[in-house]
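Below is one structure, written out as structure tokens; the observations come after it.
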Amino acid sequence: MAHVHHVHRVHHVHRVHHVHRVHRVHHVHRITYIVYITYIVYIAYIAYIAYIMYIAYIMYIAYIMYIAYIMYIAYIMYIAYIAYITYITYIMYITYITYIVGVCTKTSYGFVEATLQHM
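Using UniProt numbering, the first residue of the sequence shown is number 1, and each one after it goes up by one.
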């Protein structure tokens, strides 16, 4: 009876030792797990920063393109405006010259006609 009890005790000790060993393995796994999680978090953080930088870069390029586009449009509009003003001025100038020439011609014609009639 005492012998059986002794075996039982040895078995019990062995079982405790076994549990302890499993716990140690579990602990090592936990450290590995923590390292793994840290690694994942680190990678995720780097990826996040890279993503933010990428988005910022895209935004920057888009902004530059936008400014360039606005400047281009403004430039085209400026050129068009200058061309328009020049055109209008030119037309007005031609009209004015034509008018003056017409008046002068009419006056001259009238003067010649009056002179001829007078004669």
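Virtual Cβ for every residue (Gly too), placed ideally from N, Cα, C.
Apart from the 5 residues on each side of it in sequence, VAL41 has no Cβ closer than 6 Å to any other Cβ in its chain. Take the alpha-carbon of MET92 and the one of SER108: they are about 23 Å apart.
ALA68 and TYR96 have their C-alpha atoms spaced approximately 41 Å apart.
The beta carbon of ILE82 is closer than 8 Å to none in its chain, skipping five residues each way along the sequence. Looking at the backbone, the Cα of TYR57 and that of ALA47 are separated by about 15 Å.
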